[in-house]
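Working notes, beginning with the structure itself.
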Amino acid sequence: MDFKQIQELVKMVNKSNISELSIEQDKFKITIKQKDNEQPVYAVPAVAAPVYQPVPQQAPVAQATAAAPEAPKAEAKADNLVTIKSPMIGTFYRSPGPDKPSFVNVGDDVTSGKVVCIIEAMKLFNEIESEVSGKIVKVLVDDASPVEYDQPLFLVEP
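Reminder that position 63 of the sequence shown reads as 63 in full-length UniProt numbering, one-by-one numbering, no gaps.
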């Protein structure tokens with residue numbers, strides 16, 4: 001099973017109401033589980049004094065919703081820019097290691113096929129290559145932060 005087939009399976013599971021999918025072929029086994037979207041609801045009686053309840057932390061959801069509105073604003077300002085988007089869900093890294101320089105920085109020229117970042121998904125480090133040639137105008141994601149499928153990563157001026 002190749003990477004594109006795995007991506008398609010993940011998309012299909014996300015769109016369906018299946019909570020878990022397991023596939024086993026020869027020496028290959030994969031299990032895809034959906035995250036529960038149910039969130040606990042805390043209620044406070046109207047007549048009682050306020051009771052403070054712990055609220056579960058959901059940093060990735062907050063970051064994803066905060067990052068989504070930024071991309072349309074950036075594209076609206078410059079219609080001539082091309083967006084390099086994330087081909088998968090994972091963790092975005094600008095460099096091959098903590099002590100290594102970034103693959104690309106603002107102002108760098110990129111060519112089609114040049115590695116611009118790494119996205120870690122399921123313990124695999126996937127090199128993301130540019131599909132366009134041009135100059136990096138803006139990096140839209142912070143290093144070591146979670147990214148969603150099709151989330152804008154870089155703006156490139158062709």
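Just so it is clear, CB atoms sit at the ideal spot from N, CA and C, and this is done for glycine as well.
Can you tell me where the alpha helix (DSSP H) with residue 120 in it begins and where it stops? Residue 120 -> not in any alpha helix (DSSP H); beta strand (DSSP E) instead, spanning 115 to 121.
Could you spell out where the alpha helix (DSSP H) holding residue 80 opens and where it closes? Residue 80 -> no alpha helix (DSSP H), and no H or E assigned at all.
Beta-carbon proximity check, residue 110 vs residue 86, cutoff 8 Å: Not in contact: residue 110 and residue 86 (Cβ atoms no closer than 8 Å).
Own chain, CB closer than 7 Å to residue 93, minus 5 neighbours either side, in chain order: Closer than 7 Å at Cβ, skipping near neighbours: 117, 118, 120, 143, 144.
Backbone CA spacing between residue 113 and residue 132 [nearest angstrom]: Each residue's alpha carbon lies about 8 Å from the other.
Can you tell which of 83, 101, 89, 31 has the C-alpha that lies nearest to the C-alpha of residue 135? The shortest Cα separation from residue 135 among 83, 101, 89, 31 belongs to 83.
CB residue 90 to CB residue 147, shorter than 8 Å? In terms of Cβ geometry, residue 90 and residue 147 form a close pair [threshold 8 Å].
Enumerate in chain order the residues of its own chain whose CB-to-CB distance from residue 115 is below 6 Å, with the five nearest sequence positions on each side excluded. Correct list, in chain order: 103, 127, 129.
Does DSSP put residue 25 in a helix, a strand or coil? Residue state for residue 25 is assigned as strand, using DSSP reduced to three classes.
Would you kindly check if the distance between the Cβ of residue 153 and the Cβ of residue 141 is under 8 Å? Against a cut-off of 8 Å, the Cβ pair of residue 153 and residue 141 comes out as a contact.
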